[in-house]
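K.L.:
In UniProt numbering, the protein residues as written are 1 to 289.
Note that CB positions come from ideal geometry on N, CA and C, so glycine has one too.
Remember, predicted model here, so these are calculated numbers, not experimental data.
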Amino acid sequence: MSSKPTLCEPVALDPAIALRAETVSDAHGPAEERLFPHFHDAHEFIFFEQAKGTLHTLGGDYPISSGCIVYVPSMRFHDFSLEAGPRDWTVLHADAGLVAELLRKDGIAPPDDAFVLQAQGTERERFRTLIAWTAEALEGRCHSALPPRLFATLLAALMTSDDVHSTVPVQRETFRSRLRPALELVADTAHRTVSVEEAAARCHLSRHYFSRSFKQAFGSGFAEYERHYRLRRAALRISSSAQPISDIAYEHGFRSPSHFTASFHKRFGVTPSGFRASHEAPTSAEAFY
C-alpha cells in the first residue's frame with residue numbers, strides 16, 4: 001500500500017503488462033483545487049473507499065463520494081479534485097487492447113465517456129470484493145491465472161450495471177472541449193516548450209481569450225500547465241528508468257540540466273536525483289501482471 005497520492009500522475013503501462021493495481025491511503029490529504037488535465041493509454045478503474053471530491057472531464061464534472069467507482073476510458077482527458085481529509089482508494093489500470101477484447105467476447109458495447117457509479121448495498125460490496133481480490137491477485141497473493149479472470153468478471157459486472165448508463169455529470173462543460181487541441185498539443189510535444197500563441201492558434205482563439213479561458217477552466221495559466229506537464233513526464237521517466245537525468249532534462253524541453261533541476265525542485269520540493277532515490281523500480285510484489 002502506498003501513502004503517496006498518485007491519482008493524477010500520468011501512467012504508461014509497459015507493453016508487456018496488461019494490468020496494474022495500486023492501493024493508496026492518506027489519512028490527512030490536502031485539498032486539491034488546481035486542475036491538471038491528463039490522459040492515460042490505459043483504461044482507469046478506481047474504487048474510492050473513502051474520499052469526497054469531483055471527477056473533471058472535458059464533458060463535465062461528476063461528484064465523487066465514499067464507495068463510488070470511477071471509470072475513465074483510454075486517452076480521455078480528466079482530472080480529480082479532492083476535498084481535504086482522509087482518503088483511501090484502489091486504482092486498476094488495464095491495457096486498452098485487453099479491455100476491448102474482453103468486452104468484445106462478452107458482446108458488451110463500451111461506454112464512450114467516463115462515469116462515476118454510485119453503487120449501493122449488495123452491488124457495492126460485490127464491486128469492493130472484486131476490486132480488492134483483483135488487486136491482491138496482482139500482488140502475487142493468489143495463483144497467477146486469477147488476475148485476468150477476476151478482472152474480466154469485474155469489467156463485465158461494471159459495464160452491465162443498470163446504473164452505468166444513467167450516470168450524467170452534475171455540471172456539464174461545453175468550453176473545455178474547445179481547449180482540447182491545446183491539451184493534445186502539449187501531450188504530443190513534451191520534448192519542447194509550447195507557446196501560448198501556438199496553443200491559442202491550435203484552438204482557433206485569440207491569445208487573450210485563450211489565456212483567460214484556460215485559466216478559468218483549469219485553475220492555472222497555460223504556461224504553468226505546459227511546464228508542469230513536461231515536469232511530470234520527466235518525473236515518470238526518472239522513476240521508471242536509469243537514463244541519465246541530464247538526458248531526460250534535454251528530452252523534455254529544458255535548456256540545461258541546472259534549469260531542469262531548479263524547475264523540478266520548485267515544483268516537487270525535491271531534486272531529480274532525490275526523487276529517483278525515493279522511487280524504487282517496480283517489483284512483482286507491487287502489482288503487475
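Using three-state DSSP, classify residue 228 as helix, strand or coil.
P.N.:
helix
K.L.:
Please determine if the segment 191-206 and the segment 241-249 are in contact, where contact requires at least 3 C-beta pairs separated by less than 8 Å.
P.N.:
no
K.L.:
Are the segment 149-157 and the segment 186-197 touching by the rule of at least three beta carbon pairs closer than 8 Å?
P.N.:
no
K.L.:
Out of curiosity, what's the CA-to-CA distance linking residue 223 and residue 121?
P.N.:
45 Å
K.L.:
Check the C-beta distance from residue 32 over to residue 52 and give it rounded, since I have them as a contact under 8 Å.
P.N.:
At roughly 12 Å, the Cβ-Cβ gap does not stay under 8 Å, so residue 32 and residue 52 are not in contact.
K.L.:
Would you call the segment 57-67 and the segment 24-31 in contact, with 3 or more CB pairs under 8 Å?
P.N.:
Cβ pair count under 8 Å is below three, so no.
K.L.:
Using 10 angstroms around the beta-carbon of residue 289, count the other beta-carbons present and answer buried if the total reaches 16, otherwise exposed.
P.N.:
Annotation note: pLDDT 27 at residue 289 (below 50); position unreliable, coordinate value reported separately. With 16 or more other Cβ atoms within 10 Å, it is buried.
K.L.:
Roughly how many angstroms lie between the CA atoms of residue 238 and residue 220, to the nearest whole one?
P.N.:
25 Å
K.L.:
With 16 as the cutoff for other CB atoms within 10 Å, does residue 260 come out buried or exposed?
P.N.:
buried
K.L.:
Tell me, to the nearest whole angstrom, how far the beta carbon of residue 38 is from that of residue 95; I am working on the premise that it is less than 8 Å.
P.N.:
Actually they do not touch by this definition, with Cβ atoms about 18 Å apart.
K.L.:
Per the contact definition of three or more C-beta pairs closer than 8 Å, is the segment 226-237 in contact with the segment 263-275?
P.N.:
yes
K.L.:
Restricting to Cα atoms, I'd like to know which of 226, 17, 99 and 183 is closest to residue 151.
P.N.:
Residue nearest to residue 151 within the set 226, 17, 99 and 183 is 99 (criterion: CA-CA distance).
K.L.:
Compare the beta carbon distance of residue 291 and residue 110 with 8 Å and say whether it is the shorter of the two.
P.N.:
Only positions 1 to 289 of the chain appear in the structure, and residue 291 is not among them; the question remains open.
K.L.:
Alpha carbons only, please: which of 72, 36 and 23 is nearest the one belonging to residue 43?
P.N.:
72
K.L.:
Rank 127, 115 and 19 by C-alpha distance to the C-alpha of residue 54 and give the top, closest one.
P.N.:
Per the Cα distances, 115.
K.L.:
Please report whether the beta-carbon of residue 148 lies at a distance below 8 Å from any beta-carbon of chain B.
P.N.:
The structure shown contains no chain B; it holds only a single protein chain.
K.L.:
Residue 48 lies in the beta strand (DSSP E); which residues open and close that run?
P.N.:
43-50
K.L.:
Residue ranges of each alpha helix (DSSP H) run of no fewer than 4 residues wholly in the UniProt domain "HTH araC/xylS-type" (180-278), ordered along the chain?
P.N.:
Those alpha helix (DSSP H) runs which fall completely within the UniProt domain "HTH araC/xylS-type" (180-278) and span 4+ residues are 180-188, 196-202, 207-218, 222-240, 245-251, 257-268 and 272-278.
K.L.:
Taking the straight line between their C-alpha atoms, what separation do you get for residue 70 and residue 136?
P.N.:
19 Å
K.L.:
Using a 10 Å radius around the Cβ and a threshold of 16 neighbouring Cβ atoms, would you call residue 256 buried or exposed?
P.N.:
exposed
K.L.:
Excluding five sequence neighbours on each side, which residues of the same chain lie with their C-beta closer than 8 Å to the C-beta of residue 183?
P.N.:
37 and 77
K.L.:
So, helix, strand or coil for residue 76, using DSSP?
P.N.:
Residue state for residue 76 is assigned as coil, using DSSP reduced to three classes.
K.L.:
Would you mind reading off the limits of the alpha helix (DSSP H) that contains residue 315?
P.N.:
In the structure as shown, the chain begins at 1 and stops at 289. Residue 315 is therefore absent and cannot be evaluated.
K.L.:
If we count the other Cβ atoms within 10 Å of its Cβ and call it buried at 16 or more, is residue 214 buried or exposed?
P.N.:
It counts as buried.
K.L.:
Is it buried or exposed for residue 56, if we count other Cβ within 10 angstroms and need 16 for buried?
P.N.:
buried
K.L.:
I'd like to know whether the C-beta atoms of residue 187 and residue 252 end up nearer to each other than 8 Å.
P.N.:
no
K.L.:
Report all residues from its chain with a CB closer than 6 Å to the CB of residue 21; omit the five preceding and five following residues, and keep chain order.
P.N.:
92, 135, 138 and 287
K.L.:
Could you work out which residue in 226, 240, 35 and 68 is closest to residue 126 when comparing CA atoms only?
P.N.:
That would be 68, whose Cα lies nearest to the Cα of residue 126.
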